[in-house]
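Protein sequence lines, in the order shown, are assigned to chains A and B. If you read the first sequence in the numbering used here, its first letter stands for residue 1, the second for the next number, and so on. If you read the second sequence in the numbering used here, its first letter stands for residue 148, the second for the next number, and so on. Positions of the beta carbon are idealized from the N, C-alpha and C atoms, including for glycine. In this text, all values refer to a predicted model and were calculated from it rather than measured experimentally.
Number of protein chains: 2
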Amino acid sequence: MDERASWETVGEVLRGRGLRWTSQRQTVIDVLAASNGHITGSELVERCRALDAGTTPSTVYRTLDVLEDLGLVRHGHGADGREEFHVLPESRHGHLHCSSCGQTWEIDERRGEAVADVLRAGDGFEIDIGHVTLVGLCQQCADTARA
Amino acid sequence: MDERASWETVGEVLRGRGLRWTSQRQTVIDVLAASNGHITGSELVERCRALDAGTTPSTVYRTLDVLEDLGLVRHGHGADGREEFHVLPESRHGHLHCSSCGQTWEIDERRGEAVADVLRAGDGFEIDIGHVTLVGLCQQCADTARA
DNA sequence: ATTAATGCAAACGGTTTGCACTACT
DNA sequence: AGTAGTGCAAACCGTTTGCATTAAT
Numbered sequence: 001m002d003e004r005a006s007w008e009t010v011g012e013v014l015r016g017r018g019l020r021w022t023s024q025r026q027t028v029i030d031v032l033a034a035s036n037g038h039i040t041g042s043e044l045v046e047r048c049r050a051l052d053a054g055t056t057p058s059t060v061y062r063t064l065d066v067l068e069d070l071g072l073v074r075h076g077h078g079a080d081g082r083e084e085f086h087v088l089p090e091s092r093h094g095h096l097h098c099s100s101c102g103q104t105w106e107i108d109e110r111r112g113e114a115v116a117d118v119l120r121a122g123d124g125f126e127i128d129i130g131h132v133t134l135v136g137l138c139q140q141c142a143d144t145a146r147a
Numbered sequence: 148m149d150e151r152a153s154w155e156t157v158g159e160v161l162r163g164r165g166l167r168w169t170s171q172r173q174t175v176i177d178v179l180a181a182s183n184g185h186i187t188g189s190e191l192v193e194r195c196r197a198l199d200a201g202t203t204p205s206t207v208y209r210t211l212d213v214l215e216d217l218g219l220v221r222h223g224h225g226a227d228g229r230e231e232f233h234v235l236p237e238s239r240h241g242h243l244h245c246s247s248c249g250q251t252w253e254i255d256e257r258r259g260e261a262v263a264d265v266l267r268a269g270d271g272f273e274i275d276i277g278h279v280t281l282v283g284l285c286q287q288c289a290d291t292a293r294a
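As structure tokens, this is what we get:
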């Protein structure tokens with residue numbers, strides 16, 4: 001009991017809690033495992049549909065809820081405000097989104113810690129760096145803008 | 148021409164651009180001027196309706212678009228991903244939202260600069276600190292959680 | 001008189017819900 | 001058999017759009 005959830009053990013963990021292991025959940029897990037660590041709700045739905053054409057949004061979102069309970073994903077919000085899910089296990093990282101070129105980068109743990117330090121030093125705020133996507137201009141676009 | 152917009156001069160600036168100064172826009176401006184610097188789209192609609200019961204969402208959102216063109220507001224996204232408008236002129240600041248108690252604080256310019264420095268130092272990313280609301284735990288809630 | 005702006009109502013996209021049905025345990 | 005999970009369709013919320021009408025210039 002009280003097993004740690006991971007992609008391989010989700011099934012058992014679910015069953016251990018009286019929940020069930022279904023092919024739809026399998027599909028969601030497959031897509032999450034193949035994602036690069038973050039994905040929006042609707043992207044997830046699309047990709048699931050690619051694997052299983054019968055995928056329903058409601059099932060996907062409901063599955064995300066239980067996976068969040070298990071600690072396998074955490075939700076946040078992307079640059080445009082849409083729900084975004086961070087796939088665990090992974091280092092707690094944040095995201096940078098360039099509003100000019102549209103690319104997204106990760107903020108590695110070290111740099112995230114530095115940001116957290118600044119805010120903590122200010123007034124003790126414990127930031128959850130992974131909850132939102134920071135927006136701005138990447139070096140390249142910033143340079144272009146200055147030129 | 149090329150006038151700088153401000154709450155007092157919006158009317159002239161609009162007219163200078165061939166646009167019009169209407170009572171509905173007046174209402175939106177009134178609400179914005181009375182706001183504490185940030186407000187969501189739907190909040191704005193509500194408050195406008197309080198002043199003028201006939202306020203329509205479409206008009207409010209369309210007005211926000213032109214005000215953004217004039218540089219009087221900038222849009223971003225709040226903790227829950229909803230559109231949030233920052234009212235100018237004001238120092239470029241960010242927001243901190245405590246996911247536990249729900250309160251929101253401002254990140255003053257100095258601290259925002261410090262955060263920007265960290266990211267700029269990392270890879271030259273020019274963050275727009277005002278575009279998103281950072282989420283985490285305020286000191287009080289963080290302490291409670293630790294206890 | 002022009003044409004920008006409004007109000008309405010409908011459409012949108014992403015997400016959530018109620019409910020009868022299916023299928024894991 | 002029991003009940004968690006599903007699929008569907010409809011509802012939701014905030015926001016956007018088309019279009020005929022109103023009103024600022």
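Note on geometry: alpha-carbon atoms of S246 of chain B and H233 of chain B lie some 20 Å from one another. Collapsing the DSSP output to three states places R82 of chain A in coil. Counting only runs of at least 4 residues, the stretch 180–264 of chain B fully encloses the following alpha helix (DSSP H) elements, listed from N- to C-terminal order: 188–198 and 204–217. In the DSSP annotation of this structure, the continuous segment of the alpha helix (DSSP H) that includes T291 of chain B starts and ends at Q286 to R293.
With the rule of 3 Cβ pairs closer than 8 Å, the stretch 248–267 of chain B counts as touching the stretch 275–289 of chain B.
For a cut-off of 8 Å, the C-beta gap from G124 of chain A to Q286 of chain B is around 3 Å, short enough to register as a contact.
Taken through DSSP and simplified to helix, strand or coil, L281 of chain B comes out as strand. When only Cα atoms are considered, A142 of chain A and R267 of chain B end up about 11 Å apart.
Under the three-state reduction of DSSP output, I129 of chain A falls in the coil class, being neither helix nor strand. C101 of chain A is outside the set of residues whose beta carbon lies under 8 Å from a beta carbon in chain B. Take T59 of chain A, set aside five residues on each side of it, and the residues of its chain with a beta-carbon closer than 7 Å to its own are Q24, in chain order. Counting of Cβ neighbours within 10 angstroms places G223 of chain B among the buried residues, the total reaching 16 or more.
Our two residues, I186 of chain B and W154 of chain B, have alpha carbons roughly 16 Å apart in a direct line. Here the alpha carbon of G37 of chain A sits roughly 49 Å from the alpha carbon of R162 of chain B. Burial is judged here by how many other beta carbons sit within 10 angstroms of a residue's own beta carbon; C48 of chain A has at least 16 and is buried.
Closest by C-alpha distance to D128 of chain A, out of B:V157, B:L243, B:L219 and B:I276, is B:L243.
For V132 of chain A, the neighbours in chain B by C-beta distance under 8 Å run, in chain order, H224, A226, V279, T280, L281 and V282. With a contact defined as Cβ atoms closer than 8 Å, E46 of chain A and G228 of chain B miss out at about 19 Å. Leaving aside the five residues that flank G94 of chain A on each side, the residues in its chain whose CB is nearer than 6 Å to its CB run, in chain order, I107, G112, I129 and G130. The beta carbon of G218 of chain B does not come within 8 Å of any beta carbon belonging to chain A, so the residue lies off that interface. The criterion of a C-beta distance shorter than 8 Å is satisfied by T174 of chain B and D199 of chain B. Here A50 of chain A is exposed, its C-beta having fewer than 16 other C-beta atoms within 10 Å. When secondary structure is reduced to three states using DSSP, E159 of chain B falls in the helix class. In this structure, V115 of chain A sits near V265 of chain B, with a CB-CB distance shorter than 8 Å.
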